[in-house]
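**Q** Positions 0 to 719 (numbering that gives the first Met the number 0) are the ones given, in order, by the sequence shown. Each residue gets a CB set at the ideal place from its N, CA and C atoms; glycine is no exception. It should be emphasised that the depicted structure is a prediction, and the values quoted were computed from it without experimental measurement.
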Amino acid sequence: MLVYKILLLSFFLLFSPFICANERLYDAFIKEIEQQETRNNALQNVDQVLESDLTPEEIADVHHKTTVALKNAFQLEQAHKWAERFKQVLLTHHLPDYEAKYSLTYGDLMLKEGKFSDAISYLNLAVSQLSELDMYRLLSHAYRFRAAAYKNNGSYKDSIESYELSIEVAKKYEFPDLQVSANTQLADVYSDLSLPDKALELLQQSIAVLKSQEQENTVLLGQVYYNLGGAHQVIGDHEKSLEAYQTAYDYDVKAGNVVYSAYTLIRIGREQKKLAQYSSAEASFKKAFTIFEEHGHIRNQGWALSNLAELKLREDQKVEARAYVEEALELIDPIQSKVLYQETMTTYAQIVLPERADFFIQSMEQIIAQDEVYLGLKETALRVLKDAYSAKGDFETALNYHLQYAESKVSQLEKEASQKALAYQLDTEYQKNQYELQSLKTQRDMEQAEQRVQQIVTAAVVGVLVILLSAFLLLARNKRRALELEKQLLNKTLDLKQQLLADISHELRTPLTVLKLHIESLEHNLVENPQQSYKVLNRRLDTLNTLIKDIYELAQADTGSLNLALERVNAKHTFIGLVEDIDDFVTDEGLDFNANIELPDTLEIDIDVTRFAQIFNNLARNSVNYTDKPGEVFVEIRYQNQHNRIQCVIEDSSPGVDDEALGRLFERLFRCDKSRSRDLGGSGLGLSICQKLVELHGGSITVAHSDLGGLKVSVILPCE
């Protein structure tokens, strides 16, 4: 036995350095891969780490972090290889957390390669997986990556929705860095949609968050200034835009984000082109192309070449412009990079028309037929269509598209200039249009041109007559339909009135009958305890008084004579007071009361405090009357920043109501348990009154089943 112990101890002393080394190897890799300075060393040793004794979770973690590091360094080919190895690990081991991380990582990889449709598919899967696993930081990333893919694919509405979800998650779970990232990227979308006010508002929020941090975040500062340049570009201040982009470029270089600096160089070049700094713009585009080429970014190489083609077209060097644009079109995937491909096609059309007129007509009509297409691209497509149809000799269609182009310019100018400037611009466009059409018409026989004009005039007159006749018929039909609807509404109103009168009659008849019986008993000395009978009479009279008061208030609301005494108050202080008022009432009735109020200290709203106290009292009384003891009542009041509104939730414990009754709670005089309601003094009008008062404040009120087992009432109050 002694010899055995000595051998065992010797074995442990001999091999323990290797065992400890294996354990330290994984820990060292994790530390190195997460630091910029030591990341390359970690990537060189990754195979050695995987040969050590690791758990399945650690193996997956090494593959995940390696793929992410290569992806973020834009070593996309190597990232693909490691992503495939990562996938094989997940096929061997069931690891839900890492399956979600794989979807997110691969979706971002597709995004960086410009394969936006594929990116959206993987990121949709990542959003679903991360939501189920409550991995909120990565969920905010997933929403933001998906938003970027939607934007680059031309789906601006979906992009804005995803960015707002990313911001909501980041804000709720306190990830300020992710909130800034999503805010700045959303600002870029608003800039593309010619909404600089929204973009500047978001950027100001981002700058405020960054200034509150002790350590300078060069990566996020680069993003903020990049999008600040976009906002200035939309309002036409190209000098400030160029200055902001150059600051963003300096931060990109400082942070070591080489590829992102190339994105910024493209924007710098575009502003230099608008300021007629053509040689500087060409240098910026070429430098960006070189960076994209070194990192294997095929789509972005096409982007740089497309900008070079636009620059050469501006300088009227069409031979060089055509060479650049044709090379760009070979690099840009029309499905994965739809918006960029369409922009490049419009540039190509401006270079080569009147060649291939039919081809460009088909392409441009597909662009303007889209629901979501930003204004600049649409205007360019309309101009191309005008030129293409003119080249084919179809002057009528050319004129139609030119008029659409002029209308588009009107919409834009209305936002940017006074009426006088607008009139001047329109007159200039009209004169230019007349000159261009006249030049085209002189190339053809005058007689054919006059005949065509006559046909156009005749068709226009016929068209106007048809439109007038159609408008008259439509007006007559709408008037007849309005009368029918008015008749139906009147009949329905009369039915409701009759039903309401019948219900009120029934509600009054029962307590009056009880009162009459008690009075007759007192009159004939048929009761043993007269004092108790008087108490019953008083209680019944109070019930009648409550019912009559509620009916009067509803009648005022229906006739529009119920007015609010609105006043400007501090939201937080006001709602704290309202909650304190019902706290004692609820606890005195033997129920537990809890409240959570999360409102900004400086938020002010316009409300009738007395009427809102009536709403809270009605809802609290309902909870007290219809909650079994022991039970609880919970109140939560939150400010929803994305909608600029306050949500008030009052919910209670069991018993609840069934689904059928839930849908009828706002009906007048409706009560789930009528006998019990009368015993508790309920009129059946409390929720109807609450609904009217909330609607007078411009809000809404809804009911649902509560997680506590009872009823949940939600009141939404707008803050505008």
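Provide the residue span of the alpha helix (DSSP H) that contains Ile604, from first to last.
**A** Premise fails: Ile604 lies in the beta strand (DSSP E), Glu603 to Ile606, not in any alpha helix (DSSP H).
**Q** When the distance is taken between beta carbons, is Val88 closer than 8 Å to Ala59?
**A** In contact: Ala59 and Val88 (Cβ atoms closer than 8 Å).
**Q** Starting from the C-beta of His63, find all residues in its chain whose C-beta is less than 8 Å away, skip the five residues before and the five after it, and write them out in chain order.
**A** Phe85, Tyr97, Lys100, Tyr101 and Thr104.
**Q** Using three-state DSSP, classify Phe633 as helix, strand or coil.
**A** Three-state DSSP puts Phe633 in a strand.
**Q** Which same chain residues end up closer than 7 Å to Leu735 when comparing Cβ atoms and leaving out the 5 residues on each side of it in sequence?
**A** As displayed, the chain neither begins before 0 nor continues past 719, which places residue 735 out of reach and without an answer.
**Q** Would you list the residues sitting across from Pro717 in a DSSP beta bridge?
**A** Its beta-bridge partners are Arg644.
**Q** Name the DSSP bridge partner or partners of Tyr638?
**A** BP columns for Tyr638 point to Ile645.
**Q** Per DSSP, what kind of secondary structure is Glu270 in: helix, strand or coil?
**A** Of the three classes helix, strand and coil, the one that applies to Glu270 here is helix, per DSSP.
**Q** For a quick check, are the C-beta atoms of Ala186 and Leu177 less than 8 Å apart?
**A** Contact: no.
**Q** Does the separation of the CB atoms of Ala380 and Ile366 fall below 8 Å?
**A** Taking 8 Å as the Cβ cut-off, Ala380 and Ile366 qualify as a contacting pair.
**Q** Counting pairs of Cβ atoms below 8 Å between the segment 617–637 and the segment 649–667, do you hit three or more?
**A** Because the criterion of three Cβ pairs below 8 Å is met, the segment 617–637 and the segment 649–667 touch.
**Q** Go through its chain and collect everything with a Cβ distance to Tyr340's Cβ below 8 Å, but skip five positions before and after it.
**A** Answer for Tyr340: Leu328, Ile331, Asp332 and Pro333, listed in chain order.
**Q** What does the alpha-carbon distance come out to for the pair Ile649 and Ser190?
**A** In a straight line, the C-alpha of Ile649 is about 41 Å away from that of Ser190.
**Q** Do Asn123 and Val338 come within 8 Å of each other at the CB atom, strictly closer than that value?
**A** Not a contact, by the Cβ cut-off of 8 Å.
**Q** Using a Cβ-Cβ cutoff of less than 6 Å, which residues in the same chain neighbour Tyr248 once the five nearest sequence positions on both sides are dropped?
**A** Counting only Cβ-Cβ distances below 6 Å, and skipping sequence neighbours, we find Ser260 and Thr263.
**Q** Can you grab the Cα-Cα spacing for the pair Leu467 / Ser279, in whole Å?
**A** Rounded to the nearest angstrom, the two C-alpha atoms are 56 Å apart.
**Q** Could you tell me which residues DSSP puts in a beta bridge with Leu711?
**A** According to the sequence displayed, residue 711 carries Lys and not Leu. Beta-bridge pairing links Lys711 to Glu650 and Ala703.
**Q** I'd like to check one pair, Gln349 with Val318: are the Cβ atoms closer than 8 Å?
**A** No. Outside cutoff.
**Q** Kindly give me the distance between the Cβ atoms of Leu75 and Leu108, rounded to whole angstroms, as I take these residues to be in contact under 8 Å.
**A** About 7 Å separates the two Cβ atoms, so the contact holds.
**Q** Alpha carbon to alpha carbon, how far is Lys385 from Tyr404? Give it in angstroms, no decimals.
**A** Rounded to whole angstroms, Tyr404 to Lys385 spans 9 Å at the Cα level.
**Q** Measuring CA to CA, which of Ser120, Gln245 and Gln646 is closest to Gly106?
**A** Nearest option by C-alpha distance: Ser120.
**Q** For Met134, tell me which candidate among Tyr172, Asn399 and Phe394 has the shortest Cα-Cα distance.
**A** The option with the nearest alpha carbon to Met134 is Tyr172.
**Q** Buried or exposed: where does Glu22 fall if 16 or more other Cβ atoms within 10 Å of its Cβ makes it buried?
**A** Only weak support exists for where Glu22 lies, its pLDDT of 49 falling under 50; the coordinates are left without a value.
**Q** Count the other CB atoms within 10 Å of the CB of Thr701; is the residue buried (16 or more) or exposed (fewer)?
**A** Label assigned to Thr701: exposed.
**Q** Can you tell me the Cβ-Cβ gap for Phe115 and Ser407, rounded? I've got them flagged as a contact below 8 Å.
**A** In fact, because the Cβ distance is near 26 Å, the residues do not count as touching under 8 Å.
**Q** By DSSP, does Lys611 sit in helix, in strand, or in coil?
**A** Note on identity: in this sequence residue 611 is Phe, with Lys being the wrong assignment. Helix at Phe611.
**Q** What did DSSP end up calling Ser574 once you bin it into helix, strand or coil?
**A** Reading the sequence as shown, one finds Phe at residue 574 and not Ser. If DSSP states are grouped into helix, strand and coil, Phe574 belongs with the helices.
**Q** Using alpha carbons as the reference points, say which of Val585, Thr289 and Val693 lies closest to Ala594.
**A** The candidate whose alpha carbon is nearest that of Ala594 is Val585.
**Q** In terms of residues, what are the limits of the alpha helix (DSSP H) holding Arg663?
**A** No alpha helix (DSSP H) contains Arg663, which DSSP labels as neither H nor E.
**Q** Shortest alpha-carbon distance to Leu69 belongs to which of Gln361, Ser165, His93 and Gln35?
**A** Among Gln361, Ser165, His93 and Gln35, the Cα nearest to that of Leu69 is on Gln35.
**Q** Using a Cβ-Cβ cut-off of 8 Å (strictly less than) and excluding sequence neighbours within five positions of Gln641, which residues of its own chain qualify?
**A** Here the set comprises Glu163, Ile166 and Glu167.
**Q** DSSP three-state label for Ile234, please.
**A** The answer is coil: DSSP assigns Ile234 none of H, G, I, E or B.
**Q** What number of angstroms, rounded off, separates the C-alpha of Leu563 from the C-alpha of Gln639?
**A** Taking the straight line from one Cα to the other gives about 24 Å.
**Q** Excluding the 5 residues preceding and the 5 following Val693 in the sequence, name in chain order all residues of the same chain whose CB lies nearer than 7 Å to its CB.
**A** The residues are Ile614, Ser699, Ile700 and Val714.
**Q** May I ask you to list the residues that DSSP assigns as paired with Phe592?
**A** Answer is Val632.
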